[in-house]
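Residue numbers (full-length UniProt numbering), protein chains in the order written: chain A, 1 to 442; chain B, 1 to 276; chain C, 1 to 314. Just so you know, even glycine gets a beta-carbon here, dropped at the ideal spot from N, CA and C.
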Amino acid sequence: MRRNRLGLAVSTAAISVLATACVGSTESGATDDPEARTTITFWHGWTAPAEVKAIDANIARFEKKHPNITVKVVSGINDEKLNQALRAGGSKGPDVVSSFTTANVGKFCSSGAFADLGPFIEKSKLDLKKTFSQPLLDYSQFEGKRCALPLLSDAYGLYYNKDAFKEAGIEKPPRTWEEFDKAAVKLTKAKGDSYERLGFMPNYHGYETVPSHYMSQWSPTYFTKDGKSNIAKDPAFKEMYTWQRGLVEKLGGYAKLEKYQKTFGDEWGAKHPFHTGQVAMQLDGEWRLGMAEDADPGFEIGVAPLPVPKDQIDSYGKGYLSGTIMGIAPASEKQNAAWELVKYMTTDTDAVVRFANAIKNVPSTKAALKSPDLEFDPRFKTFLDIAQHPDSNTSDGAVNGITYQMSLQNFGYEVEKGAVRDIQAGLEKTAAEIDTDIAQAK
Amino acid sequence: MTRTTVLRWVGVHAIGVAAALFFLLPFVFVLLTSLMSDQQALTRDLTPNTWEWGNYAKVFDTPGFLTWWKNSLLYAGLGTLLTVVSSIPVAYALAKFRFRGRRLSLMLVVSMMMLPPQVVIIPMYLFWVKQLDLGGTLWPLIIPMAFGDAFSIFLLRQFLLTIPDEYLDSARVDGCGEFRALIKVVLPMAKPGIAAVALFQFFYCWNDYFGPQIYASENPGAWTLSYGLESFKGAHHTDWNLTMAATVLVMAPVIVLFFFAQKAFVEGVTLTGVKG
Amino acid sequence: MTTYTLRAKRRRSALRTAAFLSPWLVGFGVFFAYPLLSTVYFSFMKYDGFGAPTWNGTANWSYVFGSYTMFWPALRNTLWLVLVMVTCRVAFGLGIGLLITKIKTGTGVFRTLFYLPYLAPPVAATLAFVFLLNPGTGPVNSALESLGIAAPGWFNEPGWSKPALTMLAVWGIGDLMVIFMAALLDVPKEQYEAAELDGANSWQRFRFVTLPNISPIVLFAVVTGVIQTMQYYTQPIVASKVASGIIGGSGQQFEPGYPEKSTLTLPQLVYNLGFQRFDYGSACVVALVLFTLAMACTALLMRRRGGLVGAGER
Chain A
1 MRRNRLGLAV STAAISVLAT ACVGSTESGA TDDPEARTTI TFWHGWTAPA EVKAIDANIA
61 RFEKKHPNIT VKVVSGINDE KLNQALRAGG SKGPDVVSSF TTANVGKFCS SGAFADLGPF
121 IEKSKLDLKK TFSQPLLDYS QFEGKRCALP LLSDAYGLYY NKDAFKEAGI EKPPRTWEEF
181 DKAAVKLTKA KGDSYERLGF MPNYHGYETV PSHYMSQWSP TYFTKDGKSN IAKDPAFKEM
241 YTWQRGLVEK LGGYAKLEKY QKTFGDEWGA KHPFHTGQVA MQLDGEWRLG MAEDADPGFE
301 IGVAPLPVPK DQIDSYGKGY LSGTIMGIAP ASEKQNAAWE LVKYMTTDTD AVVRFANAIK
361 NVPSTKAALK SPDLEFDPRF KTFLDIAQHP DSNTSDGAVN GITYQMSLQN FGYEVEKGAV
421 RDIQAGLEKT AAEIDTDIAQ AK
Chain B
1 MTRTTVLRWV GVHAIGVAAA LFFLLPFVFV LLTSLMSDQQ ALTRDLTPNT WEWGNYAKVF
61 DTPGFLTWWK NSLLYAGLGT LLTVVSSIPV AYALAKFRFR GRRLSLMLVV SMMMLPPQVV
121 IIPMYLFWVK QLDLGGTLWP LIIPMAFGDA FSIFLLRQFL LTIPDEYLDS ARVDGCGEFR
181 ALIKVVLPMA KPGIAAVALF QFFYCWNDYF GPQIYASENP GAWTLSYGLE SFKGAHHTDW
241 NLTMAATVLV MAPVIVLFFF AQKAFVEGVT LTGVKG
Chain C
1 MTTYTLRAKR RRSALRTAAF LSPWLVGFGV FFAYPLLSTV YFSFMKYDGF GAPTWNGTAN
61 WSYVFGSYTM FWPALRNTLW LVLVMVTCRV AFGLGIGLLI TKIKTGTGVF RTLFYLPYLA
121 PPVAATLAFV FLLNPGTGPV NSALESLGIA APGWFNEPGW SKPALTMLAV WGIGDLMVIF
181 MAALLDVPKE QYEAAELDGA NSWQRFRFVT LPNISPIVLF AVVTGVIQTM QYYTQPIVAS
241 KVASGIIGGS GQQFEPGYPE KSTLTLPQLV YNLGFQRFDY GSACVVALVL FTLAMACTAL
301 LMRRRGGLVG AGER
């Protein structure tokens, strides 16, 4: 009886229901006048004070060149917020957007979160092939749809504490993972039930030591041609997970490492464990060099490419590539003005060089890489070489963006603490998980 | 006093002190850590070597911290006001009017009260943000409060039930309309109940994390303290001293408010359970 | 009185009732009935926030129940929390309520101290607990280790993250304490005196006098506790963000549940699917599961004799 009346009330209310469907995205082919006086909003993810300052300086140069355009900058925007705001498409949303996560480009392009840049590129007669190198062009598009351009790039390598190397009697940076393991053990100094210094923090929670960054050293194939996960078929994955697990054990075991990790400072702050000498080697991007020197660590910093598996020794010198990408919000009503900013920041040689100098990133255009104004530490050349190495690679894009990498990472967490007996079986299960997630997102 | 009663007194109070320590110590540690230097906060020391009162100044100097305060006050203040104003007449009708569907209405109020906000968040989000373009603001959280809050209605009704009908009848005999009877007779008598509802709602808004996370995350200018506190931690990774100082500053207003209105609050909590 | 005026009077009174109820009637329609039905609609649609939703049949449902790797862990965690956290909270709340009725000196001070943690804003309280229980330098583990006890990793260890959350929940027991305290003071004194005359010891008095008298309140505490567990969101997500160190900014993406899905709850899945993966359809499926569970508990609450709705209908 009671239930019936409730049912009646609900179905009466049902009459008033409307579907909230709303067509949000507009096709590009903007009509706004880029010469008109206007204000555009630019969202970026940088948070370190020096980086925020550098981007503001870059914007100031742009505004000087385009006095009719004022740029409102919002910092510290991560991909989650970006995705949410682009879907909302509201009036307070951004016009120009950027992201650090190249793995999300697939999601940005396929969903239409980023506007198609094709018409703008055509209008400006921009020759992409002459401007950018191929890997950069690859990671800023998805299945032929170009919705982003690269804005500076990142190359990953190995940082090491030269003083600690000398002390441990290690002459040169390791080239294979076997040598690397030996060095990591040798560099480790115990203190009580913890460490005074750890050779290397292999755990996947250790900032940049995520599976995809390690994986590049094996030159893996993430997806088959028909878009299915390949991680159980390409032996590289099993090798990497097995190697990492082995190193965790050699250095004292998961629990002990994890506990030590809790004493580390912020990745983007002065007290990064590499700066403080808590770890002697660090897998990191080229930006670390500037940050580490700024923190005045009190030891000599060495840089090298990351080691490779023994059977791939002839490709030593390669590394993981990534970068910041920049695009235009499809809901923006000032897309032509927005394109001016994108074009300036990504292709103007002077802008790219000065920005690269300021935040110590690898410049993203061919012209900027050759520019005499590019000032850098001789050690920075290591990263420029990694960036240009033919075997350097990046993780593939997918329609659901970074989700498949979360699956790889979650599997890694289980492996590293020794909860997985059969890595191959685990990889097969993870591959199935990735396939269903992608099917659901399509 | 006999021996056993003395022993019992000692036993009960010893347990009382032990329990009090369990409830109090976390506050003490938070407070002590908030006064340490950043280096010391990473050690196992329990008391500060040097008392760094400047930590609190540093927290206030964090860009945005004052804005978060302002937003929290706006959300909690306006939200509470709207809730109270809109819930009183509904609660009054549910407590004192006889009409068909009263029981059903009451059941629906209770159902709404028990509904996790996440159940309807997708359509609500699309409604506020896509249709009304209110993303990046706190308005999607404040405006609904002008339409009655189920918990407040329920609590107020429970309270109004305790007011004898005779008072209302005498007001009606005096020729007052229901609305005047509500204003003149019921409201003054219901002050403790209203105070409890206002306090609960204020705390709910002040503590809300999910709402600002969904609607305001992309606009730091609209963050509240509860939401901003988390990102404060993100920006000060291992500076536990600063994070704990910020934590103290988020807890403080609520606790101060409590000391001013302790009685109303405890009565309110009692009301939620005992009248069953 | 003629029938005409009677009818007019009745109509006037109906109008009056409607006027008083109007804020809530609007609120009910716009913020409850409409979105609820809309949630059902979206659960059968494919929608990512761009373009228009398209019909997806039961694909979202089979994805959530069959392939979404976070769903079953979240349900299992909810069950764990219902069994352990709710039990602990009710037992502790009752214990502290009993204690406060026995304390004769400084009652006010004790009551305030016991009550205070309940007021701590959840984000702040969670941050404080992650700090207190951090495995490296937290005061709790320092104390445990100095006693020679192997200290757990709390929020960083899958087997200990829920017990840590339970400790946090037990700390904020103030609401239950007040409710139990009021109920305990309502137990008629004569019954205790009679029991004492019969020679009952204190356990027997509790078992045969106190408990039967307060059992409705215990049931109330259990059921509302279960409903709160369904809604459990802020504490686990903040704890896992802070303990994992991935809070935002930069390129890292946070996935709820750290460590290893051990802190997942259903509301977090709505967030993960709806606002991280932007699969609104599947998010609505989880929302409906959540709705069903919450309403089942509510029905239980309303069924009980003289229950919430019956209150005051004397």
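Local Cβ density within 10 Å of residue i, reported as buried at 16 or more and exposed below that
i	result
Y167 of chain B	exposed
P139 of chain C	buried
L7 of chain B	exposed
V28 of chain B	exposed
residue 449 of chain A	Past the edges of chain A, shown from 1 to 442, lies residue 449 of chain A, and the structure says nothing about it.
A287 of chain C	buried
F260 of chain B	exposed
L328 of chain A	The residue asked about is misnamed: residue 328 of chain A is Ile in this sequence, not Leu. Burial call: buried.
P372 of chain A	exposed
S231 of chain B	buried
I149 of chain C	exposed
L79 of chain C	exposed
W109 of chain C	The amino acid occupying residue 109 of chain C in the given sequence is Val; Trp does not appear at that position. When all chains shown are included, V109 of chain C counts as exposed.
E390 of chain A	Rather than Glu, the amino acid found at residue 390 of chain A in this sequence is Pro. Its Cβ having fewer than 16 others within 10 Å, P390 of chain A is exposed.
S215 of chain C	exposed
N201 of chain C	exposed
Rounded Cβ spacing between residue i and residue j (contact assumed at less than 8 Å)
i	j	result
L137 of chain A	M326 of chain A	L137 of chain A to M326 of chain A, Cβ: 14 Å. No contact.
I77 of chain A	H44 of chain A	6 Å
V119 of chain B	I153 of chain B	About 19 Å; that fails the 8 Å criterion.
V270 of chain C	V64 of chain C	The Cβ separation is near 11 Å, so there is no contact.
Of the listed residues the options, nearest to residue i (C-alpha basis)
i	options	result
A85 of chain B	B:P144, B:L108, B:D239	Strictly speaking, residue 85 of chain B in this sequence is Val, with Ala absent from that position. Nearest option by C-alpha distance: B:P144.
S240 of chain C	C:L127, C:L79, C:G172, C:G49	C:L127
A91 of chain B	B:D133, B:N241, B:I194, B:W51	B:I194
L94 of chain C	C:G51, C:F220, C:A283	C:F220
K104 of chain C	B:V129, B:Q201, B:W9	B:W9
P73 of chain C	C:V90, C:S202, C:A59, C:P267	C:P267
P152 of chain C	A:K256, A:E340, A:H66	A:K256
T176 of chain A	A:E333, A:K360, A:G317, A:P378	A:G317
I402 of chain A	C:A296, C:G281, C:N272	C:N272
G54 of chain B	B:M244, B:K263, B:I121, B:V266	B:M244
I313 of chain A	A:Y413, A:W218, A:P378, A:Y254	A:W218
G281 of chain C	A:E293, A:K370, A:A441	A:A441
S91 of chain A	A:P202, A:Y344, A:S332, A:S392	A:S332
M406 of chain A	A:I438, A:K417, A:C147, A:T382	A:I438
L36 of chain C	C:W154, C:M295, C:E190	C:M295
Scan the segment 110-122 of chain B for residues whose Cβ lies nearer than 9 Å to a Cβ of chain C and list them as they occur along the chain.
V110, S111, M112, M113, M114, L115, P116, P117, Q118, V119, V120, I121, I122
Chain C contacts from the segment 54-88 of chain A (Cβ-Cβ distance under 7 Å):
G76, N78, D79, E80, N83, Q84, R87
Residues of the segment 108-136 of chain A in Cβ contact with chain C at a cutoff of 9 Å, in chain order, please.
S111, G112, A113
Can you give me, in chain order, the residues of the segment 50-67 of chain C that have a beta carbon less than 7 Å from any beta carbon in chain A?
F50, G51, A52, P53, Y63, S67
Taking Cβ-Cβ distances below 7 Å as the criterion, which residues of the segment 192-206 of chain C are in contact with chain B?
none
Counting pairs of beta carbons, one from the segment 168-176 of chain C and one from the segment 118-125 of chain C, are three or more of them closer than 8 Å?
yes
Please name the residues in the segment 273-292 of chain C whose beta-carbon is closer than 7 Å to at least one beta-carbon of chain B, in chain order.
G274, F275, Y280, A283, C284, A287, L290, F291
Please list, in chain order, the residues of the segment 55-82 of chain B that have any C-beta partner in chain A closer than 9 Å.
none
Where the segment 222-238 of chain C meets chain B: residues whose CB sits under 7 Å from a CB there
I227, M230, Q231, Y233, T234, V238
Could you list the residues in the segment 115-145 of chain C with a C-beta less than 8 Å from some C-beta on chain A, going in chain order?
N134, P135, G136, T137
Is the segment 337-344 of chain A touching the segment 33-47 of chain A in the sense that three or more CB pairs, one from each, lie closer than 8 Å?
yes
Answer yes if the segment 202-221 of chain B comes into contact with the segment 47-61 of chain B, meaning at least three C-beta pairs across the two stretches below 8 Å, and no otherwise.
no
Contact between the segment 49-56 of chain A and the segment 91-110 of chain B: three or more CB pairs below 8 Å?
no
Would you call the segment 297-306 of chain A in contact with the segment 221-235 of chain A, where contact means no fewer than 3 C-beta pairs closer than 8 Å?
no
Determine, using beta-carbon pairs with one atom in the segment 266-284 of chain A and one in the segment 350-362 of chain A, whether at least three such pairs fall under 8 Å.
no
Could you please tell me which residues of the segment 243-259 of chain A, in chain order, have their CB closer than 7 Å to any CB of chain C?
E258, K259
Take every Cβ of the segment 252-262 of chain C, pair it with every Cβ of the segment 221-240 of chain C, and state whether three or more of those distances are shorter than 8 Å.
yes
Count the C-beta pairs between the segment 378-396 of chain A and the segment 118-138 of chain A that are closer than 8 Å, then say yes if the count reaches three, no if not.
yes
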